[in-house]
């Protein structure tokens, strides 16, 4: 049985994890769980980030998204400096509880990405069969 | 500079990674990149999974989603047994190229989750402030 990461209980059986009502998030070897943030208004996927147990607990307690910044190695209250606070409308867990889906309302200017864009997925992967190579092109929207 | 994972080039500078047109996916220490699959029709988030470089290359070449199954430790052609093939409509990379967003059309019965449901996010995290504990409840939709 995987170890618990306080304050969350350790995962139970596969059946319990997949069909039960116990919230037993499965953090990875680095103590992180992947989180997809989508705009609660139109469902647009805004970003992918990670939480550790502390960030998840704080998110639940405050109703605002807290993440773990892997690049900075610190707890990250999203929007604390930019104003782009993500107020939690709903959090869902996936079947094996190793991913979370956050429906959020974004504060400030409504943006999300640190590049200034509304979301982080602003480039399309264009694959060229002839060369077998892929390039990126900036998306129109 | 992070090592390249063949057949993809290694990431360049931060500016190149964030604003450039070179596709330089950043695989993690386990050689994986997180992938969000959404239904190309209505934008619903279906699942979160991972690809290694081989799975990503095969996805680009075939136009169908291939993942790396962390639980089974093997390449995973999504839908090969269930019929729930994910045909790629579009792939996007995020700002720092460590996450992918796949817009897919799902074959077979249109489902995605191995539990038989359309998507993997069928339970809502319900936080109880009084006890400080969270439970799951099955979502209506």
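Protein chains in written order, with this note's numbering: chain A, 1 to 141; chain B, 142 to 282.
We treat Cβ as the ideally placed atom computed from N, Cα and C, and that holds for glycine.
Contact set between residue i and chain B, taken where Cβ atoms lie within less than 9 Å
i, result
"residue 94 of chain A", "188, 189, 254, 260, 261, 262, 263 and 264"
"residue 33 of chain A", "Within 9 Å Cβ-Cβ: nothing; residue 33 of chain A doesn't reach chain B, min ~10 Å."
"residue 43 of chain A", "179, 183, 184, 185 and 186"
Rounded C-alpha distance that separates residue i from residue j
i, j, result
"residue 142 of chain B", "residue 192 of chain B", "With a pLDDT of 44 at residue 142 of chain B, under the threshold of 50, the modelled position of that residue is not reliable, and the figure given next carries that caveat. When rounded, the distance between both Cα atoms is 21 Å."
"residue 336 of chain B", "residue 14 of chain A", "Outside the displayed range of chain B (142 to 282) lies residue 336 of chain B, so it cannot be described from this structure."
"residue 163 of chain B", "residue 241 of chain B", "15 Å"
"residue 8 of chain A", "residue 129 of chain A", "47 Å"
"residue 90 of chain A", "residue 59 of chain A", "11 Å"
"residue 182 of chain B", "residue 251 of chain B", "11 Å"
"residue 133 of chain A", "residue 244 of chain B", "20 Å"
"residue 239 of chain B", "residue 168 of chain B", "6 Å"
"residue 272 of chain B", "residue 11 of chain A", "20 Å"
"residue 197 of chain B", "residue 220 of chain B", "16 Å"
"residue 137 of chain B", "residue 215 of chain B", "In the structure displayed, chain B extends from 142 to 282; residue 137 of chain B sits before or after that span and is not available."
"residue 205 of chain B", "residue 178 of chain B", "12 Å"
"residue 158 of chain B", "residue 72 of chain A", "17 Å"
"residue 160 of chain B", "residue 236 of chain B", "8 Å"
"residue 202 of chain B", "residue 174 of chain B", "17 Å"
"residue 258 of chain B", "residue 170 of chain B", "31 Å"
Residue i: contacting residues in chain A (beta-carbon distance under 7 Å)
i, result
"residue 228 of chain B", "Per Cβ cutoff of 7 Å: no residues; residue 228 of chain B is ~14 Å from chain A at best."
"residue 268 of chain B", "60"
Bridge-paired residues (DSSP) for residue i
i, result
"residue 96 of chain A", "In DSSP, residue 96 of chain A forms no bridge with anything."
"residue 218 of chain B", "B/207"
"residue 33 of chain A", "A/51"
"residue 242 of chain B", "B/177 and B/233"
"residue 268 of chain B", "B/275"
"residue 22 of chain A", "B/276"
"residue 102 of chain B", "This structure cannot settle anything about residue 102 of chain B, because the visible part of chain B is limited to 142 through 282."
Sequence-distant residues of the same chain with beta carbon closer than 6 Å to residue i, five excluded per side
i, result
"residue 124 of chain A", "137 and 139"
"residue 76 of chain A", "67 and 69"
"residue 49 of chain A", "35 and 67"
"residue 233 of chain B", "242"
"residue 268 of chain B", "275"
Beta-carbon contacts of residue i that lie in its chain and below 8 Å, excluding the five residues immediately before and after
i, result
"residue 115 of chain A", "122"
"residue 105 of chain A", "39, 40, 41, 86, 87 and 89"
"residue 224 of chain B", "248, 249 and 250"
Per-residue contacts from residue i into chain A (C-beta, under 9 Å)
i, result
"residue 247 of chain B", "Those do not exist, as residue 247 of chain B stays about 16 Å from chain A at its closest Cβ, beyond 9 Å."
Beta-carbon neighbours of residue i, restricted to chain D and to distances below 7 Å
i, result
"residue 240 of chain B", "The structure shown contains no chain D; its protein chains are A and B."
Beta-carbon neighbours of residue i, restricted to chain B and to distances below 8 Å
i, result
"residue 135 of chain A", "162, 163 and 164"
"residue 18 of chain A", "256"
Neighbourhood of residue i by C-beta, 7 Å cutoff - its chain only, sequence neighbours within 5 removed
i, result
"residue 172 of chain B", "146, 193 and 194"
"residue 260 of chain B", "185, 186, 187, 188, 253 and 254"
"residue 24 of chain A", "8, 9, 10, 11, 12, 17 and 97"
Closer than 7 Å at the beta carbon, the chain B residues around residue i
i, result
"residue 140 of chain A", "Under the 7 Å cutoff, chain B gives no residues; its nearest Cβ is about 12 Å from residue 140 of chain A."
Proximity test, residue i beta-carbon vs the ligand FAD heavy atom, cut-off 8 Å
i, result
"residue 88 of chain A", "Absence of the ligand FAD from the depicted structure is noted, as is the absence of any ligand whatsoever, leaving it without description."
Got a sec: which bits of the segment 196 to 214 of chain B sit with their beta carbon under 7 Å from any beta carbon on chain A, in order along the chain? 201
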